[in-house]
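For reference, the structure is listed below as structure tokens.
Residue numbers (this note's numbering): 2 to 563.
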């Protein structure tokens, strides 16, 4: 790292990420000073490891996405900074007596779990890149720097754990997240080679570990409550979740865990069918299809609802609860469903035909789907936010199921789904794994899900829709048609496109804010802070080589929460 020039060290993406972190740190209250020091250490360590990863040959066993930088700095700091921004927001709510102290403490525990997960993955990568390349003095400096970061990080975790009670349980909880994140990153890179960068893999795996750990904690707490009358000590900060949140969490995590079981089921069937139906391939395919749909139906109807009821105490079967919830306002919600179906049908039919018969670039064509997301989700956020929460979860479950069908070529839909999805892929997708539609949907959904409960920033739920549906789309279209001045010699992003994206988001905000004020929202956004948030997210879109659908909404949301 010492031999790297300053211009190489601080490229465009790293400069924008540094600006993002500085803005969040500048907004910290004194009560979160320890958290800010931890984030600063994480960013510095991530920058060091990123430079080493991009100059080392020790990680050649991991095949990352072609054409993308490692993205470790962005991938390592995005979720912890996102959690820290939520902590800043919840601290304001706590000072106004709007949230329970337990909710604030639980969010702090989640922040340190995210920090520990990212830090542990970085430490493993740091150890793997201590190779024989470079001078001995450089190797010694890298080893010493890694050791110093490890000692300081461990000390910060220890200081956090000693605040309050049950220090050992907090440390174990953070260690569990770190260990799980390392194993999951390794599994993701080995199972899906050339599909993601290191930064994208880190963001996805840490997010999954946090999401699964949250549901696991509630499950353990409930299980422990049956065995003893006391509350599980490390879950003392827990708070009651909404039924919609538990249904979404249980459904998505259940489908992800189902992939492990399905792999062994289908491998067992393949072995059995080879000996029983030798030469009859169609019988084997039909048998595999029967196993898949039967096991999936049993999972959704029996196993997952049982898990949800165990955790939440529903007064009826969760699927019946969903039906009742929809028919609580049947006209509005069914009309919204009909509107969504019409928009999807007309858009997909139109754009699919264009993609098959047009020479328009794939990435530009897919921006029309970003506009479709605006048409679908913007009215729902304003009129039916709780129903939209549930719809997002259902849509993600459908996407995940279709991807399983496509990857395993489940008869009779597998090949049809593959051919259809392949019409909308670009250089960031592969035949092995198509992620763009997941990232777009999650980019729109996460700000809305995270805005449930106390939210004093009414534009925050719109972060994904504004940044992806409007800003990213306008930046691509204007940049493609009118762009002349490029941000870098090797990149395709233009200054004109970035300016158009920033301007369009600001214009959309100027329309949204008066409407939100008229519906009873108390507006707290200042135009200077809003301009800063829009500009930073726009610059990140211009400079990053990572999957921007995943990162930009989180960065924009984090800055809006300050």
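Where a beta carbon is used, it is the ideal one built from N, C-alpha and C, also for glycine. Just so it is clear, the structure is predicted and the values come from calculations on it, not from any experiment.
Please state whether the Cβ-Cβ distance between residue i and residue j is less than 9 Å.
| i | j | result |
| --- | --- | --- |
| residue 485 | residue 495 | yes |
| residue 480 | residue 509 | no |
| residue 263 | residue 435 | no |
| residue 86 | residue 559 | yes |
| residue 301 | residue 267 | no |
| residue 370 | residue 100 | no |
| residue 540 | residue 17 | yes |
| residue 437 | residue 550 | yes |
| residue 538 | residue 440 | no |
| residue 307 | residue 259 | no |
| residue 195 | residue 65 | yes |
| residue 388 | residue 330 | yes |
| residue 173 | residue 216 | no |
| residue 49 | residue 147 | yes |
| residue 460 | residue 514 | yes |
| residue 203 | residue 122 | yes |
| residue 94 | residue 547 | no |
| residue 381 | residue 470 | no |
| residue 116 | residue 43 | yes |
| residue 126 | residue 54 | yes |
| residue 446 | residue 397 | yes |
| residue 109 | residue 73 | no |
Residue i lies in the alpha helix (DSSP H); which residues open and close that run?
| i | result |
| --- | --- |
| residue 312 | 305–313 |
| residue 16 | 13–27 |
| residue 57 | Per DSSP, residue 57 belongs to no alpha helix (DSSP H) and is neither H nor E. |
| residue 542 | 528–544 |
| residue 117 | 102–129 |
| residue 572 | With the chain running from 2 to 563 in the structure shown, residue 572 is simply not present. |
| residue 474 | 474–483 |
| residue 161 | 137–162 |
Taking all protein chains shown into account, do 16 or more other C-beta atoms lie within 10 angstroms of the C-beta of residue i, making it buried, or fewer, making it exposed?
| i | result |
| --- | --- |
| residue 249 | buried |
| residue 112 | buried |
| residue 12 | exposed |
| residue 473 | buried |
| residue 545 | buried |
| residue 102 | exposed |
| residue 291 | exposed |
| residue 555 | buried |
| residue 30 | exposed |
| residue 238 | Low confidence applies to residue 238: its pLDDT is 45, below 50, so where it sits in the model is not reliable, and the reading given next is rough at best. Buried. |
| residue 319 | buried |
| residue 417 | exposed |
If I measure Cβ to Cβ from residue i and keep anything under 6 Å in the same chain, skipping five residues before and after, which residues do I get?
| i | result |
| --- | --- |
| residue 488 | 494 and 543 |
| residue 118 | 178, 179, 182, 207 and 210 |
| residue 232 | Residue confidence is low: residue 232 scores 41 on pLDDT, short of 50, so the model does not pin down where it sits. Its coordinate-derived value is still stated next. Contacts found: none. |
| residue 162 | 168, 171 and 172 |
| residue 140 | none |
| residue 449 | 462 |
| residue 444 | 465, 469, 550 and 554 |
Closer than 7 Å by C-beta to residue i: which residues in its own chain qualify, once you throw out the five before and the five after it? Chain order, please.
| i | result |
| --- | --- |
| residue 533 | 24 and 560 |
| residue 270 | 288, 289 and 292 |
Please report the Cβ distance between residue i and residue j, rounded to the nearest whole angstrom; I am assuming they are in contact, meaning their Cβ atoms lie under 8 Å.
| i | j | result |
| --- | --- | --- |
| residue 34 | residue 82 | The pair is not a contact, with the Cβ atoms about 15 Å apart (cut-off 8 Å). |
| residue 131 | residue 114 | At roughly 27 Å, the Cβ-Cβ gap does not stay under 8 Å, so residue 131 and residue 114 are not in contact. |
| residue 377 | residue 341 | 6 Å |
| residue 458 | residue 338 | The pair is not a contact, with the Cβ atoms about 29 Å apart (cut-off 8 Å). |
Which same chain residues, not among the five before or five after residue i, have their C-beta less than 8 Å away from its C-beta?
| i | result |
| --- | --- |
| residue 593 | It is not possible to answer for residue 593, since the shown part of the chain is limited to 2 through 563. |
State yes or no: is the C-beta of residue i nearer than 8 Å to some heavy atom of the ligand ADP?
| i | result |
| --- | --- |
| residue 223 | Judged by which ligands are present, the structure shown has none, so any question about the ligand ADP falls away. |
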